[in-house]
Each structure stands twice: as structure tokens, then as C-alpha cells.
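Chemist: Please read through the structure below; I'll follow up with questions.
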Amino acid sequence: MKNYVNLLFKKVILASFVCAFGLSSIAQEVEEVVVTAEKRSESLQDISQAVTALTATDIEEKNITSFVDLSAIVPGVTVAKNEGYKTIISIRGVGNETNQNAIAAPSVAYHMDGVFIASPFALGTDFLDVERIEVLRGPQGTLFGQNSTGGAVNVISRAPTTEGAEGKLSVTFGDYNLKKVSTSNNFVISDKIASRFSISSTTRDGFSKNVVTGQDLDDDNNKSFRTDWMFDLNDTSSLRVFGQYFKVDRNGAAMRGIDDQTSGMRKLSQDTVSQHELSSMVVAAIYESDLGYANLKIIASVQEDDVLVVRDNDRHNYLDPVLSIEGLPAGSTYQRAEFTPETSLVDTSTFEINLVSNEPALNGKLDWTVGAFYMDHEIENVIRGYRDDDLDGRIKYLCDESFADPSYCYDHDYGIPGRFDIFGPNAEVDFFTDANPSRESYSVYAQTTYSLADAFRIVSGLRYSEDTFTTDVTNFLNVESFQEEGTTDEITSRVVAEVDFSEDLMGYFALARGFKPGGSNLTFGFDDDNAPPMVFPTFEAETVDSVEFGLKSTFADGAARANIAVFSYTYENLQFQATDPDIYRGGVANIPESEMSGLEVEFTGFLTDSLSLDMNLAFLDSEVTSDYEVLDNVDAYPYFFGEEDIRYGLRENVKGNQLAKTPEFTADITFKHETNLASGNSLTTLVQYVKRGDFQQRVSNNPTVDYVRSYQIGNITTSIGFSDDLDVDFMLLNISDEAGVNSSMTDVFGVAATGLELIPPRQFMTRIRYSF
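Residue numbers (the numbering used here): 854 to 1625.
Below you can see the structure in the form of C-alpha cells.
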């Protein structure tokens, strides 16, 4: 890491000299970007924290259509797929290592137009009519509160306007029978009312093929709709009401088993017909009023996410040899196992009120923000997991299910003692649960910026959060049921010193703390002298303490911009998915202490009047620094009931291990050339290089299943502007057709199977854009 830092600083210094002497005559200036990262409109260069702002032009030119496309493009951001239907965002190594627990929260807060979106399933939706994406890197415990130990992402949509009617239509065709149509239209109802409607539809054949079932996988069948209304109530007040809906109904993701011997990485052999359905809905209202001394904003929302998944839980075909799990007898093969189905219904309501000063108080020296936040979050989670225990290649489904074969099914006796037959030879149950976790959160916050001198300011903020969780769980059709509840309260803070070294150079030194609340587990270990529990009924809150130094500069007469951030984290009680010595007893546990440090560089500038460079680099170092023993589910899998002491003896100390999803290096380097043709049409060419370094999927750092190799891809986009209204784009993505691995996910429960999910293959697309 130190070598990386030294080398990079040398390159930055060299680049500064080159830019200072080579760019001074360029007439072009980089566009100023205004963001709302601290709940007020400010220039990106005036904010004393690491923020990346992707404009509508960036999103269009780099073909950013969903959260997965942000991986490696934003410094320090890794976006990994999980279980075929979940999306995990990690910022600087802080993400969501508890994705198989419904009540456990992610560590990166997602906001839509300032509305906190609670369900992690919403990360699986497409972007629609987006004006800007702001990514805040580092703990956001003051203004954004819980679930932002890693940072926050705010997706900002185009707002309705009364300035005039306008519209945009985009049609895309491409490989794999891709067809995408999207349109956004602004309507002026009156001089006080405007509305905006957006629709998008995407269909595409799968990138991968299940050669057993014949299904196309990694396919797309998505639809999005948004209606947005703006009411100017008077000269100082407005009300914005919007609703956004997303629907996907597809075959599902390709999770190629790590031991799958099928020829070709985009082919796999699995004996389950998979299915993935998701509907995601947000309805929100935003009231704003200029009170003179401050701007009042009231935000309220209701949200619902409904997901259904059927998937092959062993990730392989019946009787495929097991190669990746040591300790099994020679010739061991995969049992057929599947989730049929897993469903989650997530209902959330939020309310937030804040006041942001308009004019500095105390003779122009003090800016301030105060606010309060409330959330009610309820989940209904159902899992029906089956395993072919008699090894005949068929599954005995519960006879209650509509898809069960009446002549070959398990007829469960819900009485006592008949209900315990679920563990008998007539049943082929792997894991059944019906869980109803909920969470209620309150918080109040304040942040001030005080000018001690014209070029020196102190930013300070505090937030108090109180979070209460309750869980009502029934496992194995009422064989086991329990309730848990708990409350966590936490004070998080941020203190920053800002210094203006010149009109175009600002430096800052920041201390910040982020917090993510604890919760309860669906399963946990039993007390046993020979094999003490390693997973408990509840898990603790996690915190991240950050130290960061940054520089923000504009130079070469505005032709270039460079931002640098250096940071160091202390990560306490990291929540991760753990395995207990007791069979079928996995859950969330806490690693006492870890550390990470890194450096990020963002450069945007014109090399000539027609050629620009956009470069984003990130270097990251991470490790567990406390002694802590973990039982890897892969190592424990060969041992069953009565062998809990053997399983317990397989635990390993993870001190010194790399944290999950923390690539040491990521890069996004893009050259853009713009010119005018003899015909008068404009020609824009974009050449992009993206590299995501290798990482460990889990903190266990199992060399067989956790190592995710690096990948690098190149993209080219050529755009012809035929008029002010019509543009045609030709896009060639992943030019070398690299089968890069996005993630290598291993189940913590039961089967311990590992599935690989790949990045998209080479694609050629043609997009026609028309504005009116």
C-alpha cells in the first residue's frame, strides 16, 4: 500500500506540472457540478468530503443503467451480486456482509431524491430519468444517520418544471436480442403546476444457458414507471409528489457452481428451473418553504418491495462430484437442493423534517442545519428450502404447495408430536422459516459550519439515533418459534477543519463516526460444553471511526479539476454472516476490530480543446486486527448431527485476513474526443478502461471459494449528433469479451454451495436518442 501511495503521489505531482504548463492555453473549462450532499446546494469543490457526482451526461455516455454499473467507476465502490437477486454495495470496504439476514441493514444508505430507501431489494431496480448520482464516501453518521457507515448514494431525478414542455425518447437495440425503450416527458399544466412522466421497458435474452433445463439465465424483462408532480403553492413554498414503480419478471441469475464442469463459463448445469420476480414501489411527498432565515423541508414516503425467488441451492446438477469441499468421502456428489420459493415483502414508511439556514448567522460566520428522522420498517420473510435426502434425484415438496406432485410429496402433520416428522425420512426439508422482523428508528441531528477566518472554517455535527428491532420467527413449521427484541441508541459525529489555500485549492481534515444498528438472528447456537455457541440470538451494532485528509483543486484556468482523499478507518463490531457448530445454525456475529486505509484520486480535465480525460483511481488496504475465531461453513459441511465438537474444532482465527470485497486497486480511465464533421454533424468518441482488482468474497478468505480474481474491460462509444434533437450512439462494451467474475457467493446455511456470477459479456448496441 505504501508503495502505491508513494508512486501515486509522484504521478500526481508530475501531472500537476504537466497540466500547469500544458493546459494553460486551453479555452475549455470543466463544468461546475452542484450537489446536495450536505442537504444544501453547493459546488462539488466546496464540500469537505469525498463525493463523486455523475451527471446525466456521464450516466448516458458510460451506459450506467443500474447500481451494478457503478462498480469500479466510482473510486472505492465495489458492487457485487449476491444469491442471484441481491445487490451489495461496498464503499471503501464497508458494505453488507449480512445479506442472508432480513433485518440486518446494509452499510451504504440509498436515497432517492433525498428519500431514504430502506429495502436492499430496491438496489436491484433500474435507473429512470436520472439527473445526477451523488456518491458520498465515508461515514455519514450526522446528516444521513444509520446504515451509512460506508457512505451514501443519492439518486436525483429530473424535477418537473413550469418553464416549458419537453420530452426525450431513447430506443436501444443490441446483441442477445436486446430491446430497450424509454421516454421522459415534462408537461406544463399551468404556471403553478408541472408534471413529468417517465416509462422504461427492457427485454433481453440471457447471457448464460442452463444446459439441463434449457433456460436462458442473466436475462432481462424489466419495466419502470415514474410520475412526478410539482406544485408551486406560492412564491416561497412548493410541494413535490412522485411515485416510482419497478417490475422484473425473469428466469433469474446465472450462479455457476464452482465445481461445474460444463464447458464454457457462460454455460452451467443445474436441475432447478429458476425464477425471479421483484416489484419495487416508492411514493413520496416533499414540501419546501423558504422561511427567510432558513429553508424548511418535509419529506414523507411509503415504500413496498415484494420479491419471489426460486433457485438451485446446490448450484450444481444432481450427482455432480464435489471438488471444492475438503473432508468429504471420496466420490461425494451434490445432493439436489433448492429454495422453492423464498419470498420477502418489505413495507417501509419514513418521515423527515429539516431546516437549512439561508443566510449565515453571527455576522455571516455560521451556517447550520437541523433535522429529525423517523422510520418504520416491516418484513415478512418466507423460505422453503428442500434437499434430496434419499438421493433419488427428486424433491418431496410439501403437499400443501400447488406445484407438489400428490403422488410424491410430504404430508405434514401440524399437530404434536407429528410436527417433528419434518426431520424424518418422509420429509426432504433443508430449512423452513417464517419470519416477521421489524425495525423502528428515531433520530435528531444538527450540523454547523463556522468561519473562524476568511480562509478557515470548522464543520461540526452530531446525531442521536434510537433503533428498536423486534423479531417473530417460526422455523420448520412451528417446531421452533421465538421472539426477540432490543434497542440500540448511539451518538455519531463529524468534525472537519477546512482551509482555503487559494481561490482554487481547498484542503480538509475530517474525523467522523458512522453507525449501523444491531438486530436478531433467525437461527442461533445452543449451549454446549463441547461446542459452545458462536452465533447468538442477537448481534451488536457496528461503528466506523474515520480519519480523512483531502484536497480539492481546480487549475489550468479552469480546464482541469483534481480531488484527492486519504483515509484511515477503525471498524468495530463488523457484522458478518457466521456459522455455528450446531447444524443449520447460521446467523450474524460481530468481529471486534478491523482496519482499512486508502487513497483515492479523481481527475477531470481537457487535454486539448477537443480531448478530455476523466480518471478515477482507488487504492485500498484492509485487515482484521483483533483475534477472533470463525467457523467456515465450507469446512464444517462434512460433519453432521453428533459431530458438533468436530465442527467447533475447525474454527480459525481470522486476525490478519483481508476484509470482504476490498480490492486493492480499482480504476476508471476515460478519454473523450469531440469534433464536428464536414457535414455539420457532431462526432463524439468515448474510450473507457475499467479495472477492478481481485478481492476476497468473505472474511474467511477460503482460497478455494472466496478468492475473486481481478478483471479489466474496455468500452468504446461513438455518437453522431445529426441535429440538436437527434443523436445515434454505437456502443461496444467489454471489447475483449472477458468472463470477469463479479462475485463468488457461498451459502452460510445448509449446503455450503458456492456460485459464481459473471459480468456481462461483449455487447454491441445501437441507441437512438430524440429530444423534443
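For each residue, glycine too, the CB sits at the ideal point set by N, CA and C.
Are Phe1429 and Gly1372 close, meaning C-beta to C-beta below 7 angstroms?
Modeler: No. Outside cutoff.
Chemist: Can you name, in chain order, every residue of its own chain whose Cβ lies under 6 angstroms from the Cβ of Val1006, other than the five neighbours on each side?
Modeler: These residues qualify, in order along the chain: Tyr963 and Val988.
Chemist: Around the C-beta of Ser1646, are 16 or more other C-beta atoms found within 10 angstroms, so that it is buried, or is it exposed?
Modeler: Here the chain has residues from 854 to 1625 only, and residue 1646 is not among them.
Chemist: Hey, quick one: how far does the beta strand (DSSP E) through Asp1521 stretch, first residue to last?
Modeler: Looking at the DSSP string, the run of the beta strand (DSSP E) that includes Asp1521 is Phe1518 to Asn1529.
Chemist: What whole-angstrom Cβ distance do Gly948 and Gly1451 have, given they're in contact under 8 angstroms?
Modeler: Not really, about 14 angstroms apart at Cβ, beyond 8 angstroms.
Chemist: In angstroms with no decimal places, state the Cα-to-Cα distance between Pro1614 and Leu1585.
Modeler: Cα-Cα distance, rounded: 11 angstroms.
Chemist: Please report how far the alpha carbon of Gly1458 lies from the alpha carbon of Asp1467, in whole angstroms.
Modeler: So the alpha carbons of these two residues sit roughly 7 angstroms apart.
Chemist: Can you list, in chain order, the residues of its chain with a C-beta nearer than 6 angstroms to that of Ile1417? Leave out the 5 residues immediately preceding and following it.
Modeler: Excluding positions up to five away in sequence, the list reads Leu1404 and Val1454.
Chemist: Can you check DSSP and say which residues form a bridge with Ile970?
Modeler: Note: Ile970 sits in a beta bridge opposite Tyr963.
Chemist: Entirely within the stretch 1117-1187 and at least 3 residues each: give me those beta strand (DSSP E) ranges in chain order.
Modeler: Segments of the beta strand (DSSP E) lying fully in the stretch 1117-1187: 1128-1143 and 1147-1165.
Chemist: For Ala1489, name the three-state secondary structure that DSSP assigns.
Modeler: Of the three classes helix, strand and coil, the one that applies to Ala1489 here is helix, per DSSP.
Chemist: Whole angstroms are fine: how far does the CA of Trp1082 sit from the CA of Val968?
Modeler: Their backbone Cα atoms lie some 16 angstroms apart in a straight line.
Chemist: Just the C-alpha distance for Asp1058 and Thr1115, rounded to the nearest angstrom, thanks.
Modeler: Rounded to whole angstroms, Asp1058 to Thr1115 spans 20 angstroms at the Cα level.
Chemist: Under 8 angstroms by Cβ, that's how I've got Thr1125 and Val1163 pegged, so tell me the actual separation to the nearest angstrom.
Modeler: Indeed, because the Cβ distance is near 7 angstroms, the residues count as touching under 8 angstroms.
Chemist: So within the stretch 884-948, which uninterrupted alpha helix (DSSP H) runs reach at least 4 residues, ignoring any that extend past its ends?
Modeler: Counting only runs of 4 or more, we get 909-914.
Chemist: Residues in its own chain within less than 6 angstroms of Ser1185 by CB, not counting five upstream and five downstream?
Modeler: Excluding sequence neighbours, Ser1185 sits near Val1175.
Chemist: Pop quiz: Asp979 and Phe1099 are said to be a contact at Cβ under 8 angstroms. What is the actual Cβ separation, rounded to whole angstroms?
Modeler: With a Cβ gap of about 6 angstroms, Asp979 and Phe1099 count as contacting.
Chemist: Counting only runs of 3+ residues fully inside the stretch 1256-1337, write out the beta strand (DSSP E) ranges in chain order.
Modeler: Complete beta strand (DSSP E) runs here, min 3: 1282-1288, 1291-1306 and 1309-1328.
Chemist: Are the Cβ atoms of Glu1337 and Lys1369 separated by less than 7 angstroms?
Modeler: No, these two residues do not count as a Cβ contact at 7 angstroms.
Chemist: Does the pairing of the stretch 1265-1278 with the stretch 1336-1353 give three or more beta-carbon distances under 8 angstroms?
Modeler: They do not touch, by the three-pair rule.
Chemist: Whose C-alpha, out of Asp982, Gly1360, Asn1030 and Asn1426, is nearest the C-alpha of Thr908?
Modeler: The candidate whose alpha carbon is nearest that of Thr908 is Asp982.
Chemist: Is DSSP giving Asp1245 helix, strand or coil here?
Modeler: Coil at Asp1245, not helix or strand.
Chemist: With DSSP as the reference, please indicate the residues paired to Gln1428 in a beta bridge.
Modeler: Gln1428 is bridged to Asn1443.
Chemist: Would you mind reading off the limits of the beta strand (DSSP E) that contains Thr1049?
Modeler: The amino acid at residue 1049 is misidentified as Thr; the sequence shows Arg. Element bounds for Arg1049: Ile1046 to Arg1057.
Chemist: Is Gly977 helix, strand or coil by DSSP?
Modeler: Looking at Gly977 - three-state DSSP - the assignment turns out to be helix.
Chemist: So Asn1469 is in the beta strand (DSSP E); what residue range does that whole segment cover?
Modeler: Run containing Asn1469: Leu1464 to Val1477, per the beta strand (DSSP E) assignment.
Chemist: Could you name the residues of the same chain whose beta carbon sits closer than 8 angstroms to that of Ala1413, not counting the 5 residues immediately before and after it, in chain order?
Modeler: Around Ala1413: Cys872, Leu876, Val883, Thr1407, Phe1456, Thr1457, Gly1458 and Phe1459.
Chemist: For the putative contact between Thr1519 and Ser1463, defined by C-beta atoms under 8 angstroms, what is the C-beta separation to the nearest angstrom?
Modeler: About 28 angstroms separates the two Cβ atoms, so there is no contact after all.
Chemist: DSSP three-state call for Gly1451: helix, strand or coil?
Modeler: Strand at Gly1451.
Chemist: When DSSP labels each residue in this structure, what does Ser1498 get in the three-state scheme?
Modeler: Contrary to the premise, residue 1498 reads as Asp rather than Ser in this sequence. Residue state, collapsed to three classes: helix.
Chemist: In the DSSP assignment, find the beta strand (DSSP E) that holds Leu1611 and state where it starts and stops.
Modeler: Here the beta strand (DSSP E) through Leu1611 covers Thr1607 to Leu1611.
Chemist: Would you mind listing the beta strand (DSSP E) stretches within the stretch 1524-1575 that are 3+ residues and don't spill past its ends, in chain order?
Modeler: Listed in chain order, the complete beta strand (DSSP E) runs (minimum 3 residues) inside the stretch 1524-1575 are 1535-1545 and 1564-1574.
Chemist: Which residues bound the beta strand (DSSP E) around Asn1104?
Modeler: Where Asn1104 is concerned, there is no enclosing beta strand (DSSP E), given that its DSSP letter is neither H nor E.
Chemist: How big is the Cα-Cα spacing for Ala1018 and Phe1084?
Modeler: Roughly 16 angstroms separates the two Cα atoms.
Chemist: With 16 other CB atoms within 10 Å as the buried threshold, where does Tyr1422 fall?
Modeler: Buried, because 16 or more other Cβ atoms sit within 10 Å of the Cβ of Tyr1422.
Chemist: Could you pull the DSSP bridge partners for Met1598 from this structure?
Modeler: Per DSSP, Gly1608.
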